[in-house]
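The structure under discussion appears below in the form of structure tokens.
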Amino acid sequence: MVQEDFDRLISVNFFENVGLPPWLLPLHLPDSHENLEDTLYKHRKLHNDYYKNALKHLRVALYSTPPVIEAFHPLMQMLLLGDLVNEALDELEKLFQISDTALQLRLKAALLEHFDGTNYVKLSTCFEDIMRKDPTCTDSLARLVVMHQRGDYNTEKLAEMLALHLDGTYAKCDVWKELASCLLRLCQCGEDRMSACSNGNDGHNQIYLDHSNQILEIFANSESGKTWRLRCRWWLNRHFSHNILASDIAYGDLEILTYKAAAASHLYGREFKYVVKANECLEKENNMELYSFLQMHILNSVGFYFNGKRIDSQ
């Protein structure tokens, strides 16, 4: 390879690292190709004996017995600093064989997002793995929400990740709002399937039967059905108890009250106490915007948990 081709290859790879977060690449790279020759000269000087020895000793520490996991992060930084992206990915995958930390998953997600951002399946799987490892991770959840808004992520999967987050936190109102919206979409998808089945004089009976099947599909026949039912039973005390309802009303945040009630209407039904009291509170405060939002969810709610139990007992 001639020197001109080599320079062009290095410049392309080098500038691909622009935009990496500081915790991955603690160095400010130039935003353009101005003064490229000087930049490349300094970059080549980085690959000296000190740099190679640093990589060697970090690898020795990382793969010692027992492994020094603290060496992993600086090793990744050093590899990216030296523009050795493929080696960084190889080291990351190799380490997953002996360790599986939230930091590794976050680093993998950051690299995928930067270098392979259109691979939505792999990227969303990585964010899901982070959420299962650390349900409190708001950053990964926000990434999944954005992917869903762009049409690159499944509604049912997002509902599961939002619920997982609520298992581990007492989240802000935007999480409850997003969960309510996901549950509404799932109900509407079920209604679309039911309306397609209804025909002739038996249409209403067919709709009812298919509606029941939809509940069973989500809570009984699906892989996550048992988890959802256990979660709903747990949330009766965790998020929707009498004391929490009184506290939410007393606190006066009508948005969190509304969005929690909207989600609760889909999970427990329109007659659930938290839903009824939230509705009364919004009427009393004459907040028509939030009242209309809650009404939309109430009128389209099924009450998965209690209706599912009723159907199981038939």
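Here the numbering used here is used: position 160 in the sequence shown is 149, and no number is missing along the way.
Even for Gly, the Cβ is constructed at its ideal location relative to N, Cα and C.
- Contact annotation: residue 154 and residue 147 have beta-carbon atoms that are not nearer than 8 Å.
- The stretch 41 to 56 makes no contact with the stretch 106 to 117; the number of CB pairs closer than 8 Å stays below 3.
- Counting other Cβ atoms within 10 Å of its Cβ, residue 277 stays below 16 and is therefore classed as exposed.
- Going by beta carbons, residue 228 and residue 249 fall inside the 8 Å limit.
- Contact between residue 77 and residue 84 does not hold, since the beta-carbon distance rounds to 11 Å and is not under 8 Å.
- If you ignore the 5 residues before and after residue 164, its C-beta comes within less than 7 Å of the C-beta of 151, 154, 155, all in its own chain and listed in chain order.
- When only Cα atoms are considered, residue 168 and residue 101 end up about 26 Å apart.
- About 7 Å separates the beta carbons of residue 251 and residue 282, which is inside the 8 Å limit, making them a contact pair.
- Judged by their CB atoms, residue 293 and residue 255 are nearer to each other than the 8 Å cut-off.
- Annotated three-state conformation of residue 75 is helix, per DSSP.
- Taking each of 79, 149, 72, 275 in turn and checking the Cα distance to residue 215, the smallest one comes out for 149.
- If you look at residue 13, you'll find it isn't in any alpha helix (DSSP H); DSSP assigns it neither H nor E.
- Contiguous alpha helix (DSSP H) elements confined to the stretch 241 to 270 occur at 243 to 257, taking only those with 4 or more residues.
- Its Cα nearest to that of residue 132, the residue 98 stands out among 121, 46, 98.
- Between residue 113 and residue 287, the alpha-carbon positions lie close to 31 Å from each other.
- Judged by DSSP in its simplified three-state form, residue 129 adopts helix.
- Residue 44 and residue 57 have their C-alpha atoms roughly 14 Å apart.
- Nearest to residue 289 by alpha-carbon distance, out of 257, 273, 129, 271, is 257.
- Counting only residues of its own chain and dropping the five nearest sequence neighbours on each side, residue 144 has a CB closer than 8 Å to the CB of 137, 171, 174, 175, 178.
- Nearest C-alpha to residue 96 among 71, 13, 140, 64: 13.
- In terms of CA proximity to residue 243, 161 leads the group 62, 260, 116, 161.
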